[in-house]
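Respectively, the protein sequence lines represent chains A and B.
Every letter in the first sequence is one number past the one before it in our numbering, and letter 587, counting from 1, is 569.
Every letter in the second sequence is one number past the one before it in our numbering, and letter 529, counting from 1, is 511.
In this text, a Cβ means the ideal position worked out from N, Cα and C, and glycines have one as well.
What you are looking at is a predicted structure, and each value in this text was computed from that prediction instead of being measured.
Read through the structure below, which is laid out as structure tokens, and then see the notes.
Number of protein chains: 2
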Amino acid sequence: MATLLDIGVSALINTLSAIVFLLAFALLRIQPINDRVYFPKWYVSGSRTSPRRSGNFVGKFVNLNARTYLTFLNWMPQALRMSEAEIISHAGLDSAAFLRIYVLGMKIFVPITIIALLVLIPVNLSNGTLSFLKKDLVMSNIDKLSLSNVRPKSVRFFFHIGLEYLFTVWTCLMLYKEYDYVASMRLKFLASQSRRPEQFTVVVQNVTHPPGKSISDSVDHYFQTNHPDQYLCHQGVYNANKFAKLVKKRDRLQNWLDYYQLKYKRHPNKRPTTKKGFSGLWGETVDSINYYGQQVKELERKMTLERQKTIRDPKFVLPVAFVSFKSRWGAAVCAQTQQSRNPTCWLTNWAPEPRDVYWRNLSIPFFSLRIRRLVISLLVFALVFFYMIPITFVQSLANLEGLVKVVPFLRPVIETKLIKSFLQGFLPGLALKIFLYILPAILMFMSKIEGYISLSMLERRTAAKYYFFMLVNVFLGSIVTGTAFQQLNAFLHQSPTQIPRTIGISIPMKATFFITYIMIDGWAGIASEILRLKPLIIFHLKNMFLVKTERDRDMAMDPPRIDFPETLPSLQLYYLLGLVYAVVTPILLPFILVFFSFAYLVYRHQIINVYNQKYESGAAFWPHVHTRIIAGLIISQLLLLGLLSTKKAANSTPFLVALPILTIAFHRYCKHRFEPAFRKFPLEEAMAKDIADRISEPDLNLRVYLEDAYLHPIFHSVEVDKEELMEVQVNEHETPIPDPITSLSNVYGYHPENPQHHTCELGAKP
Amino acid sequence: MATLLDIGVSALINTLSAIVFLLAFALLRIQPINDRVYFPKWYVSGSRTSPRRSGNFVGKFVNLNARTYLTFLNWMPQALRMSEAEIISHAGLDSAAFLRIYVLGMKIFVPITIIALLVLIPVNLSNGTLSFLKKDLVMSNIDKLSLSNVRPKSVRFFFHIGLEYLFTVWTCLMLYKEYDYVASMRLKFLASQSRRPEQFTVVVQNVTHPPGKSISDSVDHYFQTNHPDQYLCHQGVYNANKFAKLVKKRDRLQNWLDYYQLKYKRHPNKRPTTKKGFSGLWGETVDSINYYGQQVKELERKMTLERQKTIRDPKFVLPVAFVSFKSRWGAAVCAQTQQSRNPTCWLTNWAPEPRDVYWRNLSIPFFSLRIRRLVISLLVFALVFFYMIPITFVQSLANLEGLVKVVPFLRPVIETKLIKSFLQGFLPGLALKIFLYILPAILMFMSKIEGYISLSMLERRTAAKYYFFMLVNVFLGSIVTGTAFQQLNAFLHQSPTQIPRTIGISIPMKATFFITYIMIDGWAGIASEILRLKPLIIFHLKNMFLVKTERDRDMAMDPPRIDFPETLPSLQLYYLLGLVYAVVTPILLPFILVFFSFAYLVYRHQIINVYNQKYESGAAFWPHVHTRIIAGLIISQLLLLGLLSTKKAANSTPFLVALPILTIAFHRYCKHRFEPAFRKFPLEEAMAKDIADRISEPDLNLRVYLEDAYLHPIFHSVEVDKEELMEVQVNEHETPIPDPITSLSNVYGYHPENPQHHTCELGAKP
């Protein structure tokens, strides 16, 4: 058991490392050369195209303005200055709602911390007289401050039970208010949004079609029959594998062409040549620019043909369609109702926004989908509880003896004492480290197999899996000894009332561990998040070796987005820790508070300056956040119940039984009250927006607006690149600075401003 | 442990009692005097108005045709003769689907019985040689035929596991086919139905209205805004308590009037008189007919005023409305979508058919509803597990000593030895008997508090509660000793893997008990169902003392309906027993088979001749039936798992773990595949019916058709009775024979044939 002093030392170390990170960040961020690493969001949003710089050449790379060094912590007030409304318009609702999670954490835990510390520390210190308090606070084992210090059968447990009630009520109140606020924020956001394709569009899966009829005709006929007044048009989804191969080949050749053109530009006196054979190693020597230019042209001709074929030939059409309606009302109706008498066919759902569509999963048949979900849930269960088995196996292989056998010539090096002890400490953990590093990717892969059709949904599913993993392997795994599998086995052979006891009894003992965990993973981890060391290094490496044009530099910038699948679960773990320890070892709470407020600052800064979201789901993750905080609440209640029952507090324990039931009732109420706002779109809202639209733009041609919104991005990219290519060929000696919005559109095939930009003949339009 | 011989004796007794019931039934049913007891359905449907009779006076009461006595069992083939389509048109889809449950039982259990008996009996008989088989079959303890006879660690358990797989697959296959069949039956039924008000109507609960505006105006405005093309009209719901009181008083006075009129008719020379004071005991003496006639007239004038006031005055309007649309499509859209941005307001659902509405629950606010459901589920839990506590308390009071104290003058009688022993055997059980008798009523009362708005839903919820009660107290209660509360306590202190073992191990030992249970509750119970002894006695008592007119005689007939809340759960219990014992003690299966086929015959007869359904839900209970059979399947798998693990069949047990998982996956698939057909109404179907309607009746005035369909029946009843009254007054000396349909309509306020019949001015119509 650690004393408060030990924890103080650990806190000092972690605070220092966090401060070092922050100092490094403060110094690095004001260097113009790093501007694209620390402020990419401003480049993407187009308000900055080159770093702020001092006049001379050196000033291009290093900040020479001494005054700015004095105010090196000024990013903090800057981060706080932007209002919530500005954040929503700057970074989207997802980011703003993400920040609300931290605010909610502070709202919940500030009063809890104050009350818990004021009431419980005196109660828990066994002799309870204040004269000894000071000495105890410094010297005592941290357990002295926790519930385990209270003698069995004590009446003092009524303090703990009372506070658990108080904290539950407070948490629920805050959760309710926040859910209400976020739901209204979402509705306001959706209402204030300008016209967007997804507001009019529904994705229809499992389209059936009679043998003689094309899918496109069936869709047209079906919706003209069943939604005669509202149906506008539809966009088929094509199997573009063959076309995608051509695009890939074209991109490769284009790269070569660019390379040789650049080379020629630098040395205009020598035209580059190349060999026609395999990898340019042999064969006839030709002029490179001409050769690749011709090849690219040839390929693009082929691509145009293939594109026409893919879109026109019914056998490339998949049994899925994006069906658009004349009004938001029509789309809302279609998305929320059952269409066919066979509920596995003609399944309608709101279309994700075009950037958010995960194209590969669109055409999975219903039956296959059910099987996939079953298999994946079994696999996730196995992964969570049995992941140690393969890792132990790999570890047993990757030991020193095995290494020596594989690389015998390294034997002298390996057997050096220093290196040997390093390797022995390092190798066994390696397999586990690698596994934990790739775990989010594995979970994302699993979610993709499950067949969800939008990126946002995939991320939410991954987050759910990751939370389950953390709950079992980090939270329970730290409390109960043994692997998750052993725990599972033990729990299966214990009675349901015994399990909370087994866990509850070790809860107070692990407080020190979790305090350290919070400081390392929370404090130092967040500080390293703001430093962005890895992207910084990668950006400069790319800048040195790969970047040829400004466009390349923008590509190298690669602004990240909020990593929901990893961030949300770890956030929820902090909530769980806070709620569990609130009445057991309240001394843990200030550490969580520091985490919440520090992380809030950092993420606010990152959202304003760094992150660039790939999609906008309108805070669709909030119901999950709410549910998991409730789950944390219930876990904390059950564990307190278990802990108290080991304390023989038989008189007081029954009072706690009502809490989980009431909490579940509260959750069900909230679910009914708020969740529809996140899953459905009320007709009232849809109609109001339709009417407003009709008044402001009575003669809008919606069909043209929606025409290509849901065409697979690969088809868009061709058109755009073709034009760009022509542009490059026309003014060959000017380096065009592309608008970042446009270049993004290339990637995602999304053109909110000018959807009519690329008109193309589609075979399947009514 | 009972031998086969014991069981044979028990079977003989129960078969004999069943045969006695059947004989009595066969004799009683052909007596003309009982015609209205055994064939009320034909009277209700209007195809029979008086009993078939032989010519003379005696023939009016007793069947003198000797030939009919010879064919006294001919109701069986008669019951089978009607085809399913005829049953649907004769008695509705609910009844037809109810019979399918028995057919499904036979389909599932006939092959299972044959295979289980052929394979498992030889396997279970330990010596396994066929020479001893015959002797064993007669003499052996019934346990010899069950799984418990197999030695621990035997490889023979693979037979049981294999068969469990086979039976599960077979059951799932049958369930799937049946679900498919019933779902398509339902859709066909809905499609073939003629126009009905509920197809166009949606019930809207939790209507909000701004302070200055009436509810009726708000509803109009809301739906005219949000469903401008589809909205037709709406019907408010009124708080008619005051009006209902007047109706009650009028009915009482009307009864007196009728009584005196009849009296006068019998003795035309003496006009009856009455006293005006309290209970007719003192006060001025007046002519009865004139006095009551005047009073009734006066009251009816008041009622007309009150009626106008109730309907016109906005303060009597409840925040609920039945909103009707111009097409089925419009109603389907409104029922399936979310209307308001606050998901607790403007809640829309399909309106139940007018007969099916439970008016009292219509206006419960959303929040109160959530609280009610929570409280009731806690109460049901308490009722199921702790119901023995109050009963034991009452039992301890109601013993002989207590009785003697209350009625000391009966002491000599009570202390007679014979009577004393009878009372001692009888009294302790009395409280329990009374409780079990009123249990369905208690559960129905609880369901009503839960706030469901249709009778069919109330009955389904009651059935669910009753099934839970039976599962815990009949099934588990018989297997594990002790009260449900003791079991619960024991289970809470056992590990999840221990519970199936504890139960599993006593499963084979209880086979005899359940065989007896099936014979008493199933065989003899069903035979007594067809005899209808209680209604027979009540009918004749009423006929002797109360019946004055033919209309009274029809009222006394009181045709019952299928008692879903009790029948469905006990049926599902038989499924559970069959599935659990299929591999454990297969000798139980033939008894279940006999039950299913016998009950099928009896209920077919009853549905054709006796039952008259109060509402038609379109087999909406089928998903529940399906779910509970699946639950039975999973329980049987878990118990087999537990039983085998006590047999140390460690090699074979793991093979069973996959079964529950696969069964749950199957269930989830079925739920997605079929349940929407029972909960929603596909737009495709709605549109098809709309188009067909538009072609066949292009100039239908739907508004007139729907006008009063959803007016509270109490308002209808007045109009009808008023007219009837006039009719009575006009042709005073003729006894009118009312059409049973009309008299039913009076009760339920439902006029499918002539809804324009009673036009009335409503204040709140657009």
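- Shown here, P347 (chain A) sits in coil according to DSSP, grouped into three states, outside any helix or strand.
- Assignment of T398 (chain B) by DSSP, reduced to helix, strand and coil, places it in the coil class.
- Relative to G600 (chain B), the option among B:S345, B:Y449, B:S71, B:L75 whose CA is nearest is B:L75.
- A straight-line Cα-Cα distance of about 10 Å links L62 (chain B) and I590 (chain B).
- Here V186 (chain A) is near A303 (chain A), since their CB atoms are less than 7 Å apart.
- Listed along the chain, the chain A residues whose CB falls inside 8 Å of the CB of R323 (chain B) are L169, A659, P664, E666, E667.
- For G218 (chain B), the enclosing beta strand (DSSP E) has its first and last residue at 213 to 220.
- Just measuring C-alpha positions, the residue of B:T150, B:C154, B:L107, B:L148 sitting nearest V132 (chain B) is B:L107.
- According to the DSSP secondary-structure assignment, T330 (chain B) is paired through a beta bridge with B:V186.
- Close CB contacts of I346 (chain A) within its chain, under the 6 Å cut and outside five residues either way in sequence, are with G433 (chain order).
- Contact between L571 (chain B) and I94 (chain B) holds: CB atoms are separated by about 7 Å, below the 8 Å threshold.
- Assignment of K653 (chain B) by DSSP, reduced to helix, strand and coil, places it in the helix class.
- In the DSSP assignment, D162 (chain A) falls within the alpha helix (DSSP H) that extends over 139 to 174.
- For A303 (chain B), the three-state secondary structure derived from DSSP is strand.
- At a C-beta separation below 7 Å, Y651 (chain B) has these neighbours in chain A: R352.
- The beta carbon of F451 (chain B) sits closer than 6 Å to the beta carbons of V366 from its chain, once the five residues preceding and following it are set aside; these are given in chain order.
- Collapsing the DSSP output to three states places D675 (chain B) in a helix.
- Contacts between D211 (chain A) and chain B, judged by CB atoms closer than 7 Å, involve D211 in chain order.
- When the Cα atoms are used, E335 (chain A) and A173 (chain A) turn out to be separated by approximately 16 Å.
- Neighbours of L214 (chain A) in chain B, taken as residues at a C-beta separation under 9 Å, are lacking, since the least C-beta distance is about 16 Å.
- Here T255 (chain A) carries a strand assignment [DSSP, helix/strand/coil].
- At a cut-off of 7 Å, the C-beta of R655 (chain A) has a neighbouring C-beta in chain B.
- Note on K135 (chain B): under 16 other CB atoms within 10 angstroms of its CB, so exposed under the neighbour-count rule.
- Pairing A79 (chain B) with H606 (chain B), the inter-Cα distance amounts to about 12 Å.
- Rounded to the nearest whole angstrom, the C-alpha separation of G(-10) (chain B) and D503 (chain B) is 17 Å.
- Going by DSSP, V268 (chain A) is part of the beta strand (DSSP E) stretching over 267 to 269.
- Excluding its 5 nearest sequence neighbours in each direction, Q321 (chain B) has C-beta neighbours in its own chain below 7 Å: N208, W328, T330, listed in chain order.
- Excluding its 5 nearest sequence neighbours in each direction, G218 (chain A) has C-beta neighbours in its own chain below 6 Å: S198, V299, A303, A746, listed in chain order.
- Annotation for Q236 (chain B): the continuous alpha helix (DSSP H) segment containing it runs 223 to 248.
- Secondary structure of V(-9) (chain B) (DSSP, three-state): helix.
- For V339 (chain A), the secondary structure class from DSSP, reduced to helix, strand or coil, is strand.
- Here DSSP, grouped into helix, strand and coil, assigns S438 (chain B) to helix.
- Within chain A, the residues placing a beta-carbon under 7 Å from that of N208 (chain B) are L665, E666, M669, ordered along the chain.
- The beta carbon of V268 (chain A) lies closer than 8 Å to those of T255, T256, K257, K258 in the same chain, with the five residues before and after it left out.
- If you check the CB distance, L561 (chain B) and G507 (chain B) do not come in under 7 Å.
- Cβ neighbours of F417 (chain A) within its own chain (closer than 8 Å, five residues either side excluded): Y369, I373.
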